[in-house]
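Below: the structure, in structure tokens.
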Amino acid sequence: MYAFASILMIAAAASTGAARPLPISEARKISETGARYEIEGDVVSVSRYWSAIRDESGAMRVRNWTKPWNVGDVVRTTIEMDEPHDDNPGYVRQIARHAMVLERRPPRPVREVFADDVSKGRISPFACVALRGTVTSVFPDEIDGAWSFIVVEGKGEQTVVSLNWANSSNRVDLADLVDAEVVVNGIFNDQASGGRQYMGRNIQIDGTNAISIVRAAPSDPFEASPFLNLAWPTDSNDTDDGHRRRAVGTVVARWMGRTFMLKTDDGRPITVKLAPERFLPPVGAQVETVGFVRRTPFVMKLSNALWRRTAGRATDEPPVEVDAPMLLSDKHGEPIVNIRFHGRLIRIKGIVTDVLAKGSTGQILSLNCDGKPFLAVAEGVTPPAIGSIVEATGICIANENQDADDLTRLSGLSIILRGDADLKTLKTPPWWTAGRLLVVIGILFALIAAIALWVWWLNRVVEQRSRELHREQKAHEDSVMRIGERTRLAVELHDSLSQSLAALSFQISSARTAKAEGLGAAEEKHLVTAEKMLDSSRAELRHCLLDLRSDMLEERDFSKAILKALRADAADTGIEIDFRVRRSQMNDSTAHAILMIIRELVSNAIRHGRAKKIQITGEHRENMLVFSVVDDGLGFDVDNYPGLHEGHFGLAGVRQRVINLGGRFTLRSAKGEGSAATVSIKFNDHEGGQAAP
Amino acid sequence: MKQTRILIADDHSLVRMGLVSLIGYQKDMEVVGEAESGELAVSQALRLKPDILIMDIMMPGLDGASATKQVLEALPSTRVFILTSFGSSADLLKAVMAGATGAFLKDSPNNQLLDAIRRVARGETIIQDVIKQQLTEAPSLLSLSQRQLEILHSASCGFSTEDIAHQLSMTPDGVKKHFASICSKLGASTRSEAIAIALRRQLLKI
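Heads up: the protein sequence lines correspond to chains A and B, in order.
Read in order, the letters of the first sequence correspond to residues 0 to 692 in numbering that gives the first Met the number 0.
Read in order, the letters of the second sequence correspond to residues 0 to 205 in numbering that gives the first Met the number 0.
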């Protein structure tokens with residue numbers, strides 16, 4: 000029946016959208032993101048961020064998306080589930096939307112409760128209550144600076160008031176509250192929210208306005224607080240009762256702006272952490288201090304402490320010379336700290352490996368003592384250069400494990416330096432620190448690389464220039480060769496063709512003159528001579544042009560050059576060449592002249608002598624180059640062979656060339672016995688074969 | 000009419016033959032002798048004492064310029080008529096300086112040549128225009144020292160600075176200095192150009 004009614008109810012809600020509100024105990028089970036439902040109830044309390052709503056089944060906190068209500072009002076609101084917040088399990092996911100005040104009511108009178116009501120949970124969830132009691136201690140939340148905690152004692156029990164400063168414009172000194180009787184108007188929290196769940200049930204307030212002082216604390220907290228029980232070691236928390244305790248001694252060190260070490264007259268170290276806005280006492284001062292006891296297995300601490308100077312002589316103990324193994328040893332890779340030195344004045348040598356912080360509160364030097372790391376906390380000390388070997392004198396303190404869950408282990412020891420005098424530099428570091436050395440090496444490498452690059456570049460430039468020079472040289476040689484060849488050709492033309500043409504011109508002029516004079520025979524003779532000269536010149540020109548195209552002068556083997564020069568002229572003739580002067584010993588014009596002479600002689604032997612065999616020899620005799628052309632042809636009468644006037648210009652050409660070479664030409668022959676032509680020219684081998692002109 | 004007595008000196012026999020017959024037909028001229036070298040020209044001239052000595056510049060042995068000088072020293076009344084192919088500016092200049100009063104190219108028209116010979120015979124100085132042009136280029140060439148000519152010559156044969164220095168018993172630096180001087184005298188900017196200029200002006204013979 001009930002189930003059926005539920006189904007009907009849900010169906011009705013789905014169809015009309017005007018659902019009945021869920022009982023809050025049911026609503027609290029819904030955790031699905033985005034779910035929407037309605038609740039109805041009284042507003043129990045209102046804080047900055049959330050309000051608490053209660054019905055018969057329970058209470059629930061909702062986020063103040065909209066907040067039309069006051070405490071006491073009967074309201075109805077739609078709730079939308081926000082995404083869960085992993086970092087904060089106490090995050091209020093229920094967002095109040097579309098709220099509606101059903102009935103305005105004045106707030107109910109706030110119930111007065113005591114610490115035992117809170118700790119035993121005898122208060123409805125999120126109810127506004129007035130907690131009455133005496134403040135025994137105050138301390139800030141070490142995790143979240145927005146919170147402080149006030150411990151209130153009443154009826155033999157203690158409870159915590161969580162104070163959220165976020166809503167207050169001014170922070171007051173909570174230390175003044177200690178020992179005062181107060182009434183705190185706050186909301187009962189069944190469990191602490193956020194990271195403070197270890198606090199258990201508590202009363203939450205926004206700002207100090209919620210605290211009213213019923214009876215002020217005694218004016219002198221020092222007189223009011225009993226002395227600290229310094230029994231050591233202790234296995235009980237008997238002194239950690241939340242009440243203020245008193246200690247007297249000498250300030251031996253101070254650090255981090257808020258902490259000092261008090262050495263009692265019997266030599267026990269107490270780490271004192273000041274209340275906010277308090278200044279540290281100077282080192283060496285004799286002081287009385289009150290604070291709340293915080294004791295760990297190794298270290299006695301007073302927190303939220305106040306101090307004042309007292310009369311008395313400061314104790315002065317000589318430093319203990321220690322080395323690293325005395326302070327620290329390793330066991331399975333974990334440091335084992337010799338707690339005996341906690342609070343003692345020690346002196347140790349080490350190398351400064353780093354300066355970790357440079358701020359108003361001083362420096363933290365990282366020291367390496369015999370391979371073990373130490374921190375030296377220095378206030379008002381000029382930090383030495385990294386790498387310096389120093390002798391540090393200071394108060395040794397045990398560093399507690401950062402992990403608050405495991406206070407049974409210490410993470411190491413630090414040395415608190417009291418001033419410049421406590422740090423003696425024994426040896427300044429050499430200039431070549433690893434870093435600088437690296438930089439220098441880097442620079443060297445860069446330099447080497449740059450030089451290598453430069454050398455490579457120079458090499459390239461040199462190669463390029465060499466190639467250019469080589470090209471230039473080649474071009475120069477080519478141009479010299481070309482010019483030489485051109486000049487040789489010009490000389491050749493001048494020596495033969497140009498002269499021949501001039502002579503031809505003279506002959507024709509002569510012929511014309513002879514004709515004008517009526518000398519028919521003379522005219523005929525001039526014309527015949529001219530014709531033969533013309534033939535000869537044509538042949539010369541032809542040879543000249545062929546020579547231009549021939550590479551005979553480029554031939555390294557002079558015998559081959561001779562063969563090339565002879566061309567087809569000597570095809571059917573047996574030519575024997577025994578020329579013992581190398582081509583390289585002659586310059587181009589000499590070689591050319593010799594080739595022309597040999598060609599003319601061979602040509603004569605074949606054409607006129609009908610020679611079948613021709614021997615060409617050449618040799619170097621003293622300062623002369625002697626060569627000869629010997630044939631087995633018909634031969635002729637040397638004294639009576641046809642000459643210029645008979646139109647045989649070949650031998651004349653040979654003579655001309657020989658004369659030009661400054662040489663001698665002899666011709667021996669007899670009818671039927673072939674002929675032998677010998678040419679000898681001056682020849683200086685070592686001057687590159689330059690024949691004397 | 001007195002015929003002009005002419006001695007022909009040319010190493011080229013065909014040219015000589017042609018000249019002899021050409022001049023032989025001129026009624027006012029007479030070929031009194033032929034010479035095929037500079038030495039022969041001098042000795043023939045001394046023997047024959049011609050009115051005009053027609054002389055080629057480039058001849059083996061004693062060249063035309065030197066022969067001119069020798070002949071004119073001995074026979075001041077003889078006119079030397081230089082008949083040359085295109086040519087060697089330096090030698091031409093030397094010949095003119097030695098006192099040659101005629102200079103003509105062989106490839107000029109024959110009537111002009113004969114006319115020039117006649118005018119020289121009358122005492123005029125006839126230097127063909129093309130030759131005059133060549134002569135203007137000559138002085139710079141003459142300023143090259145014998146050593147510089149040697150260096151140029153070796154360079155034209157393709158020898159390097161070191162080789163030239165070795166051949167001429169000089170230091171390479173000395174050779175380079177000479178080259179700088181040669182280039183400035185010839186108005187050349189590079190070695191090759193200097194050689195080209197020297198060859199073109201027939202300062203060098205290959």
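Glycine included, each C-beta is placed from N, C-alpha and C at the ideal position.
Sixteen is the threshold: when 16 or more other Cβ atoms of the shown chains lie within 10 Å of the Cβ of G634(A), as they do, the residue is buried. Shown here, Q145(B) sits in a helix according to DSSP, grouped into three states. Against chain B, the beta carbon of M532(A) has neighbours under 8 Å at L13, listed in chain order. Considering only beta carbons, the part of the region 174 to 203 of chain B lying closer than 7 Å to chain A consists of R190, S191, I194, A195, L198, in chain order. Annotated three-state conformation of S159(B) is coil, per DSSP.
Interface with chain A (9 Å Cβ-Cβ cutoff): P59(B) is included. Residues of the region 459 to 481 of chain A with a C-beta atom less than 8 Å from some C-beta of chain B are A474, H475, E476, S478, V479, M480, listed in chain order.
Of all alpha-carbon atoms in G101(B), R190(B), A195(B), the one lying nearest the alpha-carbon of S159(B) is that of R190(B). With respect to V289(A), I394(A) sits apart: the two C-beta atoms are not nearer than 9 Å.
Per DSSP, the continuous beta strand (DSSP E) segment holding M99(A) begins and ends at 93 to 102. The alpha-carbon separation between D128(B) and E523(A) amounts to approximately 35 Å.
Between G379(A) and L366(A), the C-beta gap is not smaller than 9 Å, which leaves the two residues out of contact. In its chain, beyond the 5 residues on either side, L488 have a beta carbon closer than 8 Å to the beta carbon of L547(A).
S36(B) belongs to the set of residues whose beta carbon lies under 9 Å from a beta carbon in chain A. The shortest CA-to-CA distance from V629(A) to any of N622(A), R667(A), E621(A) is the one to R667(A). A distance below 9 Å separates the beta carbons of W49(A) and V91(A).
For T665(A), the enclosing beta strand (DSSP E) stretches over residues 663 to 668.
Scanning L92(B), V19(B), K1(B), T3(B) for the CA closest to the CA of D9(B) turns up V19(B). As summarised for the region 313 to 369 of chain A, the continuous alpha helix (DSSP H) elements at least 4 residues long and confined to that stretch are 323 to 326, given in chain order.
Rounded to whole angstroms, the Cβ separation of K262(A) and G342(A) is 6 Å, and the two are in contact under 8 Å. With a cutoff of 9 Å on beta-carbon distance, I150(B) and V174(B) are scored as near each other.
When Cβ-Cβ separations below 9 Å define contact, Q25(B) makes contact with chain A. Any Cβ of chain B closer than 9 Å to the Cβ of L503(A) would place that residue at the interface, and such an atom is present. A Cβ-Cβ separation of about 17 Å leaves L496(A) out of contact with S549(A) under the 8 Å criterion. Remark: three or more beta-carbon pairs, one from each stretch, lie closer than 8 Å, so the region 265 to 281 of chain A and the region 300 to 309 of chain A are flagged as touching. In this structure, the beta-carbon distance from S123(A) to R53(A) falls below 9 Å. Interface criterion met: the Cβ of K105(B) is under 9 Å from a Cβ in chain A. Residue contact with chain B for Q655(A): present (Cβ-Cβ distance below 9 Å to some residue of chain B). Taking 9 Å as the cut-off, the Cβ atoms of Y36(A) and A51(A) do not count as close. With distances taken between CA atoms, W431(A) lies nearest to S387(A) out of S387(A), T65(A), I596(A), P296(A). Residue pairing by DSSP puts V628(A) in a beta bridge opposite I615(A), A676(A).
In the structure shown, the three-state DSSP call for T189(B) is coil. Note on geometry: alpha-carbon atoms of R78(B) and V119(B) lie some 7 Å from one another.
Put simply, of L101(A), A129(A), M99(A) the residue whose alpha carbon is nearest the alpha carbon of F113(A) is A129(A).
Of all residues in the region 142 to 165 of chain B, the ones placed with a Cβ closer than 9 Å to any Cβ belonging to chain A are H152, S153, A154, S155, C156, G157, F158, S159, in chain order. Around the CB of L52(B), 16 or more other CB atoms lie within 10 Å, so the residue is classed as buried.
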